[in-house]
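Below: the structure, in structure tokens.
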Amino acid sequence: MANKVEVKELLDAGVHFGHLTRRWNPNMAPYIYMERNGIHIINLYKSAAKMQEAGDALAKIAASGRKILFVATKKQAKEIVAEQAEKANMPYITERWPGGMLTNFVTIRKAVKKMASIDRMKKDGTFNSLSKKERLQVDRLRAKLEKNLGSISDMSRLPAALFVVDTTREHIAIKEAQKLNIPIFAMVDTNSDPREVDYLIPSNDDASKSISKVVSYVADAIVEGLSERKSEKPAKKKEDSNASEEKKAKPAAPKAEKAEVPSKDAEDKKAMKEAKNDVKLESKSETLDKAKSSNEEE
Numbered sequence: 638m639a640n641k642v643e644v645k646e647l648l649d650a651g652v653h654f655g656h657l658t659r660r661w662n663p664n665m666a667p668y669i670y671m672e673r674n675g676i677h678i679i680n681l682y683k684s685a686a687k688m689q690e691a692g693d694a695l696a697k698i699a700a701s702g703r704k705i706l707f708v709a710t711k712k713q714a715k716e717i718v719a720e721q722a723e724k725a726n727m728p729y730i731t732e733r734w735p736g737g738m739l740t741n742f743v744t745i746r747k748a749v750k751k752m753a754s755i756d757r758m759k760k761d762g763t764f765n766s767l768s769k770k771e772r773l774q775v776d777r778l779r780a781k782l783e784k785n786l787g788s789i790s791d792m793s794r795l796p797a798a799l800f801v802v803d804t805t806r807e808h809i810a811i812k813e814a815q816k817l818n819i820p821i822f823a824m825v826d827t828n829s830d831p832r833e834v835d836y837l838i839p840s841n842d843d844a845s846k847s848i849s850k851v852v853s854y855v856a857d858a859i860v861e862g863l864s865e866r867k868s869e870k871p872a873k874k875k876e877d878s879n880a881s882e883e884k885k886a887k888p889a890a891p892k893a894e895k896a897e898v899p900s901k902d903a904e905d906k907k908a909m910k911e912a913k914n915d916v917k918l919e920s921k922s923e924t925l926d927k928a929k930s931s932n933e934e935e
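Using the working numbering, you'd call the opening residue of the sequence shown number 638 and step up by one each time.
In structure tokens form, the structure reads like this:
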């Protein structure tokens with residue numbers, strides 16, 4: 638279970654500051670506490686409850702061994718998200734969102750494999766056999782792929798969930814996830830639509846302190862889920878080994894006696910045939926008639 642969220646810590650981090658009142662989304666009304674100096678103030682008690690809910694759900698996903706993709710391309714969130722995602726050993730996108738990242742994942746995987754093939758070329762010496770111009774082109778391609786896709790090189794299949802900072806900015810990622818029914822966790826400010834995400838955290842998604850507070854909490858919840866998974870594995874192995882030992886300790890079941898092989902002797906065969914002819918099964922009507930006659934005689 639994720640750690641408890643302190644409202645005072647959220648207040649100190651400025652999580653409660655929303656956007657200007659004229660830029661608000663009416664669907665965020667349930668999460669707005671008040672208006673002050675033309676700015677909406679977010680209800681931090683609701684933010685804390687939603688953070689706890691999102692943290693618990695993410696911990697369960699991490700404990701199941703699946704990946705959670707972090708998405709944040711805005712300047713003030715890039716470094717924070719990259720650092721926290723690496724801490725949680727999860728993939729992340731902090732540069733431009735590559736169109737079709739989820740809906741056309743096969744093509745994205747090909748680009749990642751291309752990056753790996755360039756690395757192999759450098760190791761086996763093939764790279765040195767290229768001309769100077771070709772080496773330069775390959776290096777540029779490798780750098781470009783590393784910048785855009787280096788952080789997802791270990792992601793061999795679609796993520797189990799998305800964590801997004803600023804849903805308005807990352808609307809393409811949101812749409813792709815919705816198309817594939819991938820659960821979306823997100824920091825949602827007062828200018829965004831909360832209906833687009835499955836687990837929202839009403840919070841200020843513009844200030845670095847606020848982003849750091851929420852993302853670090855989420856990363857800690859994921860790390861907790863991963864540690865639970867690690868602790869469960871040895872326990873499961875122990876149970877399996879105990880079960881196998883018990884199986885070995887049980888006495889072996891007695892072997893079934895072999896059925897007698899019919900005799901091949903000609904006389905025996907003849908005797909068996911005659912015995913079968915002597916045994917004549919009565920029909921149902923014959924049995925009933927016999928029973929009736931025996932009753933009448935009595």
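Ideal placement from N, C-alpha and C gives every residue a C-beta, glycine not left out.
query	result
Using 8 Å for Cβ pairs, my map puts residue 852 next to residue 721. What's the rounded Cβ distance?	5 Å
Give a yes or no on whether the C-beta atoms belonging to residue 796 and residue 859 are separated by under 8 Å.	no
Does the region 824-838 come within contact of the region 760-778, defined as at least 3 CB pairs closer than 8 Å?	no
Tell me, which residues are paired with residue 673 by DSSP?	676
Kindly indicate which three-state DSSP category residue 655 falls into: helix, strand or coil?	strand
Look up residue 839 in the DSSP assignment and give the residues it is bridged to.	825
May I ask which residues mark the beginning and end of the beta strand (DSSP E) holding residue 705?	705-708
Apply the 10 Å Cβ neighbour rule to residue 729 and answer buried if 16 or more other Cβ atoms are within range, or exposed otherwise.	buried
Hey, residue 610 and residue 709: beta-carbon distance below 8 Å or not?	This structure cannot settle anything about residue 610, because the visible part of the chain is limited to 638 through 935.
So, residue 819 versus residue 739, is the Cβ gap smaller than 8 Å?	yes
With DSSP run on the structure shown, which of helix, strand or coil describes residue 797?	coil
Can you look up residue 859 in the DSSP assignment and give me helix, strand or coil?	helix
Rounded to a whole number of angstroms, what is the C-alpha to C-alpha distance between residue 715 and residue 842?	12 Å
Quick one: what's residue 802 bridged to in DSSP?	824
Taking all protein chains shown into account, decide if residue 696 is buried (16 or more other Cβ within 10 angstroms of its Cβ) or exposed.	buried
Who are the near neighbours of residue 779 in its chain, counting only those whose CB is closer than 7 Å to its CB and skipping five residues on each side?	752, 755
Mind checking residue 896: buried by the 16 CB within 10 Å criterion, or exposed?	The predicted model places residue 896 with a pLDDT of 45, which falls under 50 and marks its position as unreliable, so this point remains unresolved.
As a quick exercise: from 868, 694, 777, 828, pick the residue whose alpha carbon is nearest that of residue 799.	694
Taking the alpha helix (DSSP H) that residue 682 falls in, what are its first and last residues?	681-700
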